[in-house]
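Engineer: Questions regarding the structure given below will be posed in turn.
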Amino acid sequence: MASERYNAPVREKHWQQVWDERGTFRTQDQNRRRPKRYQLEMFPYPSGRVHMGHVRNYTLGDVMARYMRAKGFNVLHPMGWDAFGLPAENAAMERKIHPRKWTYENIDTMRAQLKAMGVSIDWTREFATCDPAYYVHQQRLFLDFLKKKLAYRKTAKVNWDPVEHTVLANEQVIDGRGWRSDAPVEQRDLTQWFFKITAFADELLQALDGFAGKWPDFVCTQQRNWIGRSSGASMQFALEGAKLPKKLQTLEIFTTRHDTIFGASFMAISPEHPLSTHLAKRHRELSAFIEDCRRMGTSEEALARAEKRGLDTGLVAINPFKPDAKLPVFVANFIVMDYGTGAIFGCPGHDQRDLEFARKYGRPVVPVVLPPGADPTTFKIGEEAYVGDGTMINSEFLDGLTVEAAKEAIARRLEERGIGAGKVNYRLRDWLISRQRYWGCPIPVIHCATDGVVPVPDADLPVKLPDDATFDRPGNPLDHHPTWKHVACPKCGKPARRETDTMDTFVDSAWYQFRYCAPNAATPTDKTALKYWAPVDQYIGGKEHAVLHLLYARFFTRGMKATKHVAIDEPFASVFTQGIVIHETYRSENGDWLTPAEVRIEGEGAARKAFSIATGRPVEIGPVEKMSKSRKNVVDPDDIIAHYGADTARLFIVSDSPPDRDIIWTEAGVAGAGRQVQRISRLIDQVVERGYAKTDPAPAFGPEASLLRRTAHKTLNNVSQNIEGLRYNVAVAQIYELTHALSAALEKAGDGLDWAIRETAELLVQMIGPMLPHLAEDCWERLGYNTLLSDQPWPHAEAALLVDDVITIAVQVNGKRRDELTVARTASKDEIEAAALGLEPVVRALAGRPVKKVIVVPQRIVNVVG
RNA sequence: GCGGGCGUGGCGGAACUGGUAGACGCGCUGGACUCAAAAUCCAGUUCUGGUGACAGAGUGUCGGUUCGACUCCGACCGCCCGCACCA
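In the working numbering, the protein residues as written are 10 to 875.
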């Protein structure tokens with residue numbers, strides 16, 4: 010009897026319903042004596058529909074969650090919605106639908122889609138960050154941060170996105186453009202809310218050292234660079250040459266090369282430096298120059314190659330170590346205000362940029378560091394500044410010292426004289442969290458003319474978003490609202506103004522991982538729950554969050570520790586970044602993009618051609634790119650699930666490509682995965698059909714049965730290890746090999762073989778469980794069980810079956826493989842050597858030469874050197 | 001410019017701490033079943049020479065260490081990513 014085709018879409022719905030009814034994946038919170046495993050994937054933004062990136066992300070996490078569950082861990086695998094954000098407001102403007110309605114409708118759609126994927130989520134813990142029940146706690150956290158001065162307000166130059174009508178954090182500006190809008194950002198002076206991430210700069214940096222092997226290297230490197238620690242010194246220079254207000258009479262600089270102070274030949278300050286601003290008031294040429302720089306300034310990295318230009322202010326600075334050296338002060342276009350103090354001393358001998366500037370403006374170039382082996386009487390700086398190590402020269406009391414010693418000597422004297430000190434500088438800026446938008450978490454403060462910034466009292470929380478906002482004009486709807494912002498000051502009762510800024514949506518996602526541990530707690534977090542569940546054991550998500558979200562969440566955890574909401578420093582014990590899903594692009598003759606569903610492909614390889622299904626006209630096959638709506642190279646997961654089933658989609662996602670690499674979505678690949686699903690289903694049917702005799706105790710095993718059992722248990726062992734190491738593609742390959750072995754065994758007969766076939770089939774079904782959960786559940790039932798496979802413990806590999814009595818090792822002559830040798834595992838070196846030397850191909854390869862040496866590595870290899 | 005990662009068949013990719021390179025899948029070729037097709041199954045498939053046994057070459061390039069190198073070291077080439085006048 011031929012087995013029926015496995016109807017995945019129907020069976021999958023059935024099993025999803027069973028899991029749902031039985032609450033199979035509900036986390037047992039009270040079961041805290043079992044070891045826990047917190048598996049988390051980055052929660053989605055409810056943009057409308059689930060895309061392939063989501064399918065990949067949640068499949069990768071689900072394989073791990075299901076595996077760990079079977080391994081006996083108490084698994085927390087929750088899901089929620091990163092639900093605040095601008096697209097909801099855009100939808101409100103374009104389609105006249107309220108952001109709340111739009112968001113919750115999308116959530117309903119996407120929840121159904123995720124359920125159709127068969128993800129083992131505990132849906133009872135679900136929340137959306139736009140639920141007041143969530144953001145009330147975020148407001149509490151904000152107020153606690155405010156108390157601890159981790160949140161503060163300041164006036165600063167900020168990145169203004171002219172399209173989104175809001176400010177952006179530095180991390181959200183990519184190549185001078187807004188991360189969502191792609192519009193060039195402008196600099197504006199505004200008073201905004203910040204989180205003091207710089208307070209933890211050093212901690213955040215140092216903790217990265219402990220992440221080796223648990224976080225991707227590139228993420229650690231990028232965070233290190235973003236924090237950008239550099240160790241140097243601050244130094245004050247007295248200014249002469251014009252009447253200056255007291256505050257501007259000394260110029261403070263930051264340098265990492267204080268050793269080269271005797272080689273200084275000019276000073277340079279940023280066009281945005283307060284001194285530049287002051288001088289420009291009475292100096293028309295200077296104000297024109299500053300204006301010029303400002304216009305050039307903001308855009309593009311092209312300015313990195315732009316010409317170094319400067320304007321002499323006429324002021325001179327006194328070198329504190331060489332008072333007779335008068336250093337002209339330039340305003341220079343290559344000095345940026347937001348690093349160090351926005352001012353430097355230029356030492357052209359040992360800095361390439363300073364050298365170019367000095368040559369252009371006729372400043373002297375004096376070498377003060379002598380390269381090892383160079384002649385001090387003839388050493389000169391040519392086209393290239395010398396930036397290496399060496400011995401100090403032309404530097405009075407520093408002469409003869411190493412660079413390192415000279416730095417120490419200078420730092421010491423600076424401190425003694427009170428005009429500077431050794432100093433560490435960071436590139437990291439505080440996190441600007443104010444957004445002039447409606448659909449975000451309101452910042453819970455009130456501005457009072459008498460009392461200043463007043464926190465909203467806890468009893469008045471949450472500060473809820475008004476439902477009746479209007480979205481018909483640009484700007485902040487909260488600010489436009491007729492009544493919302495007008496409130497009484499909680500302190501003095503006088504009329505006051507509610508803060509109308511909302512928080513950056515990255516705040517919402519900076520602590521959600523803790524909320525899942527106790528999603529209904531009356532406080533932001535629950536100590537008992539956190540003690541058990543935190544930190545997240547494995548976090549899986551996109552590479553694009555290497556610095557953004559992953560850095561913010563790390564900061565927030567430290568902030569929450571300082572405010573006693575958590576007891577740990579780091580939110581994620583290990584992080585895995587998945588590759589993206591990419592697909593071919595298709596373009597019609599008139600340049601329009603077409604979706605894969607609108608295209609018919611004919612031919613193979615070089616003869617492969619595409620045609621529009623609608624018009625029949627040829628279509629150009631373009632490069633393989635990240636799936637995106639604009640390129641239309643998207644495949645709807647629903648279509649795949651409806652046609653092949655979720656298991657096929659899941660299998661395609663985890664087979665072939667390693668999870669951290671990009672994966673090319675192809676119809677052929679999906680069809681191939683679909684065939685594998687059918688193949689396994691058929692194989693299990695064959696096993697059931699053959700009948701079995703799984704007697705207890707086990708029968709005597711003949712050679713066929715023993716071989717099959719060894720293969721099955723070895724595979725189990727390897728698959729387990731490969732799942733744990735997120736090498737799912739290798740695990741899948743090994744499962745395929747086992748199906749071949751099982752298939753071959755069905756053709757044979759032998760002592761105990763029926764028993765072994767039955768055992769192997771059960772192991773196989775259990776092994777596919779994490780990846781193909783519906784099929785596995787279905788096969789488990791066909792094997793005669795009325796329990797759920799999802800409730801079965803992961804099988805144990807029998808240690809005795811993992812080692813072979815007889816093994817095959819390669820035999821080389823001079824490093825070249827000539828033959829192989831089958832020997833007992835326990836064979837001695839001498840036995841192996843004797844057997845190897847007797848092999849005919851070995852004798853032939855030696856061609857009569859005497860054997861000089863024989864290397865025998867038991868159980869591995871023999872190499873005959875002749 | 002600085003930093004990180006990666007280069008293996010026609011393709012995706014395997015290869016544990018240096019020990020039989022190319023597992024597994026896709027594709028391709030041939031065959032079986034079929035009136036035919038689909039589906040399925042079997043065999044072959046790194047390259048070169050040879051009917052064949054077999055021989056030689058081979059993991060971006062060049063060199064080194066080693067009995068033995070995809071793996072370790074040095075130099076170079078190419079691709080991808082991040083930061084970018086950072087003082």
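No residue lacks a Cβ here, since even glycine has one placed at the ideal position from N, Cα and C.
Predicted model, so just to flag it, every value in this text is computed and none were measured.
Give a yes or no on contact between the region 136-151 and the region 464-475, applying the rule of three or more CB pairs nearer than 8 Å.
Structural biologist: Because the criterion of three Cβ pairs below 8 Å is met, the region 136-151 and the region 464-475 touch.
Engineer: Please state the DSSP three-state secondary structure of VAL128.
Structural biologist: Coil.
Engineer: Is the separation between the beta-carbon of CYS788 and that of ILE693 shorter than 7 Å?
Structural biologist: Yes.
Engineer: Give me the Cβ distance between MET276 and ALA326, rounded to the nearest whole Å; I'm assuming they're in contact under 8 Å.
Structural biologist: That belief holds up - the Cβ atoms of MET276 and ALA326 are roughly 5 Å apart, short of 8 Å.
Engineer: What is the DSSP secondary structure of MET780, counted as helix, strand or coil?
Structural biologist: In this structure, MET780 counts as coil in the three-state DSSP scheme.
Engineer: Determine the closest residue to LYS432 out of GLY358, SER239 and LEU320, with distance taken between C-alpha atoms.
Structural biologist: Of GLY358, SER239 and LEU320, the residue nearest in Cα terms is SER239.
Engineer: Excluding sequence positions up to five away, which residues of its chain have a Cβ less than 6 Å from the Cβ of PRO451?
Structural biologist: These residues qualify, in order along the chain: VAL472 and THR511.
Engineer: May I ask you to list the residues that DSSP assigns as paired with MET244?
Structural biologist: According to DSSP, MET244 bridges with ILE262 and GLY429.
Engineer: From ASP517 to GLU786, what does the alpha carbon distance come to, in whole angstroms?
Structural biologist: Their backbone Cα atoms lie some 37 Å apart in a straight line.
Engineer: Looking only at C-alpha atoms, which of GLY187, GLN196, ALA178 and GLN231 sits nearest to ILE206?
Structural biologist: Closest option to ILE206, Cα to Cα, is ALA178.
Engineer: Among PHE343, ASN795, TRP602 and LYS618, which has the Cα closest to the Cα of SER639?
Structural biologist: Answer by Cα proximity: TRP602.
Engineer: Counting pairs of beta carbons, one from the region 78-93 and one from the region 496-507, are three or more of them closer than 8 Å?
Structural biologist: Not touching, per the Cβ criterion.
Engineer: For TYR67, which of LEU660, ILE630 and THR133 has the nearest alpha-carbon?
Structural biologist: Looking at the Cα atoms, LEU660 is the closest of the given residues.
Engineer: Grab me the residues of CYS457's own chain with a C-beta within less than 6 Å of its C-beta, minus the 5 sequence neighbours each way, in chain order.
Structural biologist: Around CYS457: VAL463, CYS498 and ALA505.
Engineer: On a Cα-Cα basis, can you pick out the residue from VAL851, PRO627, ALA655 and ILE841 that is closest to TRP24?
Structural biologist: Nearest option by C-alpha distance: ALA655.
Engineer: Give every residue of the same chain whose Cβ lies closer than 6 Å to the Cβ of ARG826, excluding the five residues on either side of it in the sequence, and list them in chain order.
Structural biologist: ALA819.
Engineer: Contact defined as beta carbons within less than 8 Å: I believe GLY70 pairs with GLN48. What is the distance between those atoms, to the nearest angstrom?
Structural biologist: Between GLN48 and GLY70 the Cβ distance is about 6 Å, and since that is below 8 Å, they are a contact.
Engineer: For VAL822, which of helix, strand or coil comes out of DSSP?
Structural biologist: VAL822: strand per DSSP, three-state reduction.
Engineer: Could you check whether LYS861 and GLY875 sit closer than 7 Å to each other, using their CB atoms as the reference points?
Structural biologist: Yes; because the gap between Cβ atoms is below 7 Å, this pair is in contact.
Engineer: Apart from the five residues on each side of it in sequence, which residues of its chain come closer than 7 Å, Cβ to Cβ, to ARG14?
Structural biologist: Once the five neighbours on either side are set aside, the close Cβ partners of ARG14 are GLN687.
Engineer: Quick one, are the C-beta atoms of ILE390 and PRO376 less than 7 Å apart?
Structural biologist: A contact, by the Cβ cut-off of 7 Å.
Engineer: With respect to the alpha helix (DSSP H) encompassing SER729, which residues constitute its N-terminal and C-terminal limits?
Structural biologist: From DSSP, the alpha helix (DSSP H) with SER729 extends over 712-733.
Engineer: Is GLU98 buried or exposed, if buried means 16 or more other CB atoms sit within 10 Å of its CB?
Structural biologist: With 16 or more Cβ atoms within 10 Å of its Cβ, GLU98 is classed as buried.
Engineer: Using a Cβ-Cβ cutoff of less than 6 Å, which residues in the same chain neighbour GLU281 once the five nearest sequence positions on both sides are dropped?
Structural biologist: Closer than 6 Å at Cβ, skipping near neighbours: MET346.
Engineer: Is the Cβ-Cβ distance between LYS166 and ASP198 less than 7 Å?
Structural biologist: Going by C-beta atoms, LYS166 is nearer than 7 Å to ASP198.
Engineer: Identify whether TRP224 lies in helix, strand or coil by the three-state DSSP scheme.
Structural biologist: Three-state DSSP puts TRP224 in a strand.
Engineer: Can you check DSSP and say which residues form a bridge with SER239?
Structural biologist: BP columns for SER239 point to ASN434.
Engineer: With LEU257 as the anchor, note down where its beta strand (DSSP E) starts and where it stops.
Structural biologist: Per DSSP, LEU257 belongs to no beta strand (DSSP E) and is neither H nor E.
Engineer: When the Cβ atoms of the region 794-814 are set against those of the region 749-758, are three or more pairs found closer than 8 Å?
Structural biologist: Result no; under three Cβ-Cβ pairs closer than 8 Å.
Engineer: Would you mind giving the Cβ-Cβ distance between SER664 and VAL741, rounded to the nearest angstrom? I have them listed as a contact below 8 Å.
Structural biologist: The Cβ separation is near 4 Å, so the contact holds.
Engineer: Would the beta-carbon of LEU735 fall within 7 Å of that of PHE585?
Structural biologist: Against a cut-off of 7 Å, the Cβ pair of PHE585 and LEU735 comes out as a contact.
Engineer: Using only the alpha-carbon positions, how far apart do PRO373 and LEU248 sit?
Structural biologist: If you take the alpha carbons of PRO373 and LEU248, they lie about 20 Å apart.
Engineer: Taking the C-alpha atoms as reference points, what is the distance between PHE515 and THR322?
Structural biologist: Going from the Cα of PHE515 to the Cα of THR322 covers about 43 Å.
Engineer: Express the C-alpha separation of ALA758 and ARG699 in angstroms, rounding to a whole number.
Structural biologist: In a straight line, the C-alpha of ARG699 is about 11 Å away from that of ALA758.
Engineer: Mind the definition here: the region 166-176 touches the region 439-453 only if three or more C-beta pairs lie below 8 Å; say whether that holds.
Structural biologist: The region 166-176 vs the region 439-453: in contact.
Engineer: To the nearest angstrom, how far is it from the Cα of TYR370 to the Cα of LYS290?
Structural biologist: One C-alpha to the other measures close to 24 Å.
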